[in-house]
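Heads up: the structure comes next, in structure tokens.
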Amino acid sequence: MIYLKNVTKFFPTKEGKRYILKDVTLTLPDGNIGILGRNGAGKSTLMRMLGRIEFPTRGTIESPHTFSWPLGLGGGFVGNMTGRSNVKFVCRLYGLDDRRMEEVIEYVREFSELGSYFDMPIKTYSSGMKSRLSFGLSLAFDFDYMLIDETLSVGDARFRKKAKDALMKKIENCHVLLVSHDMKTLREICQTGLLVHEGTLHYFEKVEEAIDRYEEINRSAA
Amino acid sequence: MSVVTEKLRARSPWRIFVSVIKALFLREMGMRMSTGRSGLFWTFAEPFFQVAVFIGIRIAIVGHSGKTTPYDFAVFMASGFIAFNLFKNILNSSTGAFLANKGLFVYKQVKPIDTIFSRALVELFLTAMIVLIFLIVGLYARRQIVPEDFLLVVAGYLWLAFFAVGLGVLVATANTFYMSVGKVVSISSFLLMIFSAVFFPIESLPPVAQEILLYNPVVHFMEMIHAAYLPHLSNRFVDYGYMLEWTLVPWAVGLWYYVRLERKIISA
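If you want it as structure tokens, here you go:
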């Protein structure tokens, strides 16, 4: 469960306050939730608030669950250091002991298929290689909720399939909050939907309903 | 599928803090190493050059480096410069710590202030290495390198570092919102060195200058360290109360300011 209590979030801009959420109170049941909304509606902001790296202007968001870092936002990697030492760093952040750290390293090395690049500085990586590393890293940890921001399109077609399969297997044991503009992905992964629109949240028990509503909004705007 | 089968929870705040600091410390060390040999070389060479240059200046003025002072002049320089560099490096590395580590705040357990603490620990560690090298070189060159009161010297260094971290928190927070703050701090650190009794004892100055310089808290730290290090120097100018004020007030103000803005810094 995720409890939003009187959550208001706005960004000050030159034209005044731009509201993402206006006094939203809502309880989200557990499940794989797809987040929809038009560009700039605040999907990513909502996700960052759930990951506790962005905070509501007023109100509270509470949950007994653990949340991953938002995947796909990039950042967190040091260009001068190797893939391996970056993975080690994240393991240490989560307080893993040496044995489990070795396991994570081995898992990520194998999953990311970086070969000898795994021991080269990240600045020599292509963007695809970087996302493979970060995707593998996130799969190595167990959270109650994975926060995913449009990162299922990493690497080539074969790797994409592998990533998708790994994720599907992973979410048998955890939940996902997925931001995506790809309706096919949303239908595949999510059961419920959350639409961010004009400062409020609409929760749908069927992701299909959320998609219908979203497309309706898009049509009326066009 | 995943490797970490134990769920990631039920860690006390202290445990989280310790693992974050440890991770950041090792990461900073790794970055220092990976920037190539030249960066590391200058870290260790800088104090030797500083001491050499000032001995050179002294020879140019007085004629010879030898027995015009009752204490070992080179040791006096070294203990002063290493201490001042520690202060300066902690302050300067704190200044940009929030901005440089922005990418790490996607991990919610990393609080901005942790980056300051870990950078300060790196500076302390490197300073300890430098001191070790100086001690070895000094013993080999048969100088009066062994401090008169070893523990008091260590206490002086640690207190100075703690003082610098407090200022660092204050400056780093301000620097996130007003970029010129960091610039002013880094420019003024050279001026501060000249007026901090790093390479001269305060007793060598005329009384008026003494009175003015003693408003500078760093002077008190330098005098404390010099007096503890060298048998012929007294600590009669050191005002511990004044040092304590300068430690506690920036820490209190810095923490208050930081806590108010922590969330803004994280999502800035």
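Going down the list, the sequences are from chains A and B. Our numbering applies: residue 47 is where the first sequence begins, and numbers increase by one. Our numbering applies: residue 1259 is where the second sequence begins, and numbers increase by one. Cβ coordinates follow ideal geometry from the N, Cα and C atoms, glycine included. Note that this is a predicted model, so its numbers are computed, not measured.
C-alpha distance - residue i paired with residue j, whole-angstrom precision
i, j, result
"residue 61 of chain A", "residue 221 of chain A", "38 Å"
"residue 66 of chain A", "residue 1308 of chain B", "55 Å"
"residue 1259 of chain B", "residue 130 of chain A", "Unreliable placement is indicated for residue 1259 of chain B, whose pLDDT of 46 sits below 50; no coordinate value is reported for it."
"residue 1510 of chain B", "residue 235 of chain A", "49 Å"
"residue 110 of chain A", "residue 1351 of chain B", "37 Å"
"residue 1346 of chain B", "residue 1422 of chain B", "8 Å"
"residue 53 of chain A", "residue 108 of chain A", "11 Å"
"residue 1280 of chain B", "residue 183 of chain A", "20 Å"
"residue 209 of chain A", "residue 57 of chain A", "35 Å"
"residue 1306 of chain B", "residue 128 of chain A", "32 Å"
"residue 1285 of chain B", "residue 125 of chain A", "12 Å"
"residue 1300 of chain B", "residue 1477 of chain B", "25 Å"
"residue 59 of chain A", "residue 140 of chain A", "36 Å"
"residue 231 of chain A", "residue 241 of chain A", "16 Å"
"residue 1311 of chain B", "residue 1293 of chain B", "27 Å"
"residue 1304 of chain B", "residue 211 of chain A", "54 Å"
"residue 214 of chain A", "residue 1361 of chain B", "28 Å"
"residue 1348 of chain B", "residue 1505 of chain B", "14 Å"
Selection from the options that minimises the alpha carbon distance to residue i
i, options, result
"residue 190 of chain A", "A:69, A:231, A:217 and A:246", "A:217"
"residue 1429 of chain B", "B:1354, B:1299 and B:1410", "B:1354"
"residue 243 of chain A", "A:230, A:231, A:253 and A:260", "A:260"
"residue 69 of chain A", "A:207, A:262, A:104 and A:78", "A:104"
"residue 64 of chain A", "A:263, A:250, A:267 and A:245", "A:245"
"residue 123 of chain A", "A:175, A:239 and A:194", "A:175"
"residue 94 of chain A", "A:228, A:195 and A:241", "A:195"
"residue 77 of chain A", "A:224, A:230, A:149 and A:188", "A:224"
"residue 1392 of chain B", "B:1348, B:1371, B:1335 and B:1439", "B:1335"
"residue 71 of chain A", "A:249, A:267, A:258 and A:117", "A:249"
"residue 148 of chain A", "A:178, A:166 and A:186", "A:186"
"residue 188 of chain A", "A:143, A:167 and A:113", "A:113"
Element boundaries [beta strand (DSSP E), containing residue i]
i, result
"residue 108 of chain A", "104-108"
"residue 79 of chain A", "79-83"
"residue 250 of chain A", "246-250"
"residue 69 of chain A", "62-74"
"residue 221 of chain A", "221-225"
"residue 243 of chain A", "238-243"
"residue 283 of chain A", "An answer regarding residue 283 of chain A cannot be provided, because it is not within the stretch 47 to 268 covered by chain A."
Boundaries (first-last residue) of the alpha helix (DSSP H) holding residue i
i, result
"residue 230 of chain A", "229-235"
"residue 1508 of chain B", "1498-1525"
"residue 19 of chain A", "What the structure shows of chain A is the stretch from 47 to 268, and residue 19 of chain A is not part of that stretch, so it cannot be assessed."
"residue 217 of chain A", "Unbroken run through residue 217 of chain A: none, as it is neither H nor E."
"residue 143 of chain A", "Run containing residue 143 of chain A: none; DSSP gives neither H nor E here."
"residue 89 of chain A", "89-96"
heavy atom of the ligand ATP below 7 Å from residue i C-beta
i, result
"residue 83 of chain A", "The ligand ATP is absent from the structure shown, which contains no ligand whatsoever."
Review point. When the Cβ atoms of the segment 1449-1463 of chain B are set against those of the segment 1338-1354 of chain B, are three or more pairs found closer than 8 Å?
Key: yes
**Study point:** Inter-stretch contact (C-beta, 8 Å, three-pair minimum) for the segment 1429-1438 of chain B and the segment 1361-1369 of chain B
**Key:** no
Review point. When Cβ atoms are compared, which residues of the segment 1290-1307 of chain B fall closer than 9 Å to chain A?
Key: Cβ contacts with chain A come from 1292 and 1293.
Review point. If contact means a Cβ-Cβ distance below 8 Å, which residues of the segment 87-112 of chain A contact chain B?
Key: 94, 97, 98, 99, 100, 101 and 112
Point to revise | Contact between the segment 83-95 of chain A and the segment 158-166 of chain A (3+ Cβ pairs under 8 Å) | key: no
Exercise for review: Check each residue of the segment 178-211 of chain A: if its Cβ is closer than 8 Å to any Cβ of chain B, include it; give the result in chain order.
Suggested key: 185, 186, 187, 188, 189 and 190
Exercise for review: Please confirm if the segment 250-259 of chain A is in contact with the segment 97-107 of chain A, defined as three or more CB-CB distances below 8 Å between the two stretches.
Suggested key: no
Point to revise | the segment 1458-1475 of chain B contacting the segment 1379-1387 of chain B, beta-carbon criterion three pairs below 8 Å | key: no
Review point. What residues in the segment 1279-1290 of chain B bring their beta carbon closer than 7 Å to a beta carbon of chain A?
Key: For the segment 1279-1290 of chain B, the set of residues with a beta-carbon nearer than 7 Å to any beta-carbon of chain A comprises 1280, 1281, 1284, 1285, 1288 and 1289, in chain order.
Check your understanding: Going along the chain, which residues of the segment 1365-1381 of chain B sit with their C-beta nearer than 8 Å to a C-beta in chain A?
Key -> So the close ones are 1365, 1366, 1367 and 1368.
Exercise for review: Determine contact between the segment 1405-1418 of chain B and the segment 1482-1492 of chain B, defined as no fewer than three beta-carbon pairs at a distance below 8 Å.
Suggested key: yes
Point to revise | Cβ-based contacts, 8 Å cut-off: residues of the segment 1463-1494 of chain B near chain A | key: Taken residue by residue, none of the segment 1463-1494 of chain B has a beta-carbon sitting less than 8 Å from a beta-carbon on chain A.
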